[in-house]
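Let me begin by presenting the structure, written as structure tokens, before commenting on it.
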Amino acid sequence: MDVDDVRGDLAEVLLTEQQVREGIVRLARRIEADYDGDRPLLVGVLKGAVMVMADLARELRVHVDMDWMAVSSYGAGTRSSGVVRILKDLDTDLTGRHVLIVEDIVDSGLTLSWLLANLESRGAASVRVCALLRKPDAARIVVPVSYLGFDIPNEFVVGYGLDYAERYRNLKAVAVLAPHVYQ
Ligand code: IMP
1294 MDVDDVRGDL AEVLLTEQQV REGIVRLARR IEADYDGDRP LLVGVLKGAV
1344 MVMADLAREL RVHVDMDWMA VSSYGAGTRS SGVVRILKDL DTDLTGRHVL
1394 IVEDIVDSGL TLSWLLANLE SRGAASVRVC ALLRKPDAAR IVVPVSYLGF
1444 DIPNEFVVGY GLDYAERYRN LKAVAVLAPH VYQ
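According to our numbering, the residues represented by the sequence shown are 1294 to 1476, in order.
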């Protein structure tokens, strides 16, 4: 879906399809260089990270494993609750593995901070975070993000995997949702 297909629902386009693409390529080049020889396990956080994971994994010129977790910290609203529930756990044993959590967005940081602690407790050799987007002004806890695509303003955004009430995930760009859609 392109911006023009939902133009009336969007307040502002923050990142075009092309800018997202360039961000993913930059992340991939840094990750390849750092993991040199250590095949990382990419852990995608469903559902928002599906697009980042699909494009990042294909851009990487090294072998990777992929697994998925589903956690929930949001209802259909636009605020983080801080309550994290595992809806789907990993299939992979993390013992001795180099884990790279692949996230769509770091907002309050509450979900990620919980996830980092959870995965670190499973005996991984290393656990790092790659996030396409981060809202620095929304941070309620500081989480180290080793690979960051873009810092964005503290507004509710949709597209490239990010939804509002399950819509807009298939938008190619990242855009600020117009308030009339959720008010
Ligand atoms: P956090 O716990 O506040 O960092 O947010 C965790 C999750 O909330 C993210 O992985 C997203 O799935 C979702 N989220 C946070 N901000 C946004 C947004 O602006 N649009 C859509 N989803 C968001």
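Ideal Cβ positions, reconstructed from N, Cα and C, are used throughout, including at glycine. None of these values were measured; they are calculated from a predicted model.
Own chain partners of residue i with C-beta closer than 7 Å, once the 5 adjacent residues on each side are dropped
{"i": "residue 1364", "result": "1338, 1377, 1378, 1379, 1380, 1404, 1408"}
{"i": "residue 1435", "result": "1402"}
{"i": "residue 1474", "result": "1302, 1457"}
{"i": "residue 1441", "result": "1424, 1427"}
Alpha carbon of residue i to alpha carbon of residue j, nearest angstrom
{"i": "residue 1325", "j": "residue 1353", "result": "7 Å"}
{"i": "residue 1384", "j": "residue 1340", "result": "17 Å"}
{"i": "residue 1462", "j": "residue 1295", "result": "11 Å"}
{"i": "residue 1299", "j": "residue 1453", "result": "14 Å"}
{"i": "residue 1244", "j": "residue 1316", "result": "The structure shown does not extend to residue 1244, since the chain spans only 1294 to 1476, so no value can be given for it."}
{"i": "residue 1433", "j": "residue 1466", "result": "26 Å"}
{"i": "residue 1336", "j": "residue 1451", "result": "21 Å"}
{"i": "residue 1321", "j": "residue 1355", "result": "10 Å"}
{"i": "residue 1360", "j": "residue 1334", "result": "7 Å"}
{"i": "residue 1369", "j": "residue 1470", "result": "Only weak support exists for where residue 1369 lies, its pLDDT of 48 falling under 50; the value from the coordinates is given anyway. In a straight line, the C-alpha of residue 1369 is about 14 Å away from that of residue 1470."}
{"i": "residue 1443", "j": "residue 1314", "result": "12 Å"}
{"i": "residue 1328", "j": "residue 1476", "result": "44 Å"}
Same chain, Cβ closer than 6 Å to residue i, neighbours up to 5 away in sequence not counted
{"i": "residue 1412", "result": "1392, 1420"}
{"i": "residue 1417", "result": "1387, 1390, 1392"}
{"i": "residue 1415", "result": "1387"}
Counted within 10 angstroms of its Cβ, other Cβ atoms place residue i as buried (16 or more) or exposed
{"i": "residue 1427", "result": "buried"}
{"i": "residue 1459", "result": "exposed"}
{"i": "residue 1318", "result": "exposed"}
{"i": "residue 1468", "result": "buried"}
{"i": "residue 1410", "result": "exposed"}
Sequence-distant residues of its chain with Cβ nearer than 8 Å to residue i (five each side left out)
{"i": "residue 1430", "result": "1446, 1447"}
{"i": "residue 1472", "result": "1304"}
* Asked: Using 8 Å as the Cβ pair cut-off and three pairs as the minimum, do the region 1440-1456 and the region 1395-1402 touch?
  -> Yes, the region 1440-1456 touches the region 1395-1402.
Original post:
On the three-pair Cβ rule with 8 Å, is the region 1347-1363 touching the region 1294-1309?
Top reply: The region 1347-1363 vs the region 1294-1309: no contact.
What ranges does the alpha helix (DSSP H) occupy inside the region 1323-1358, keeping only unbroken runs of at least 4 residues that lie completely in it?
Within the region 1323-1358, complete alpha helix (DSSP H) segments of at least 4 residues are found at 1343-1352, given in chain order.
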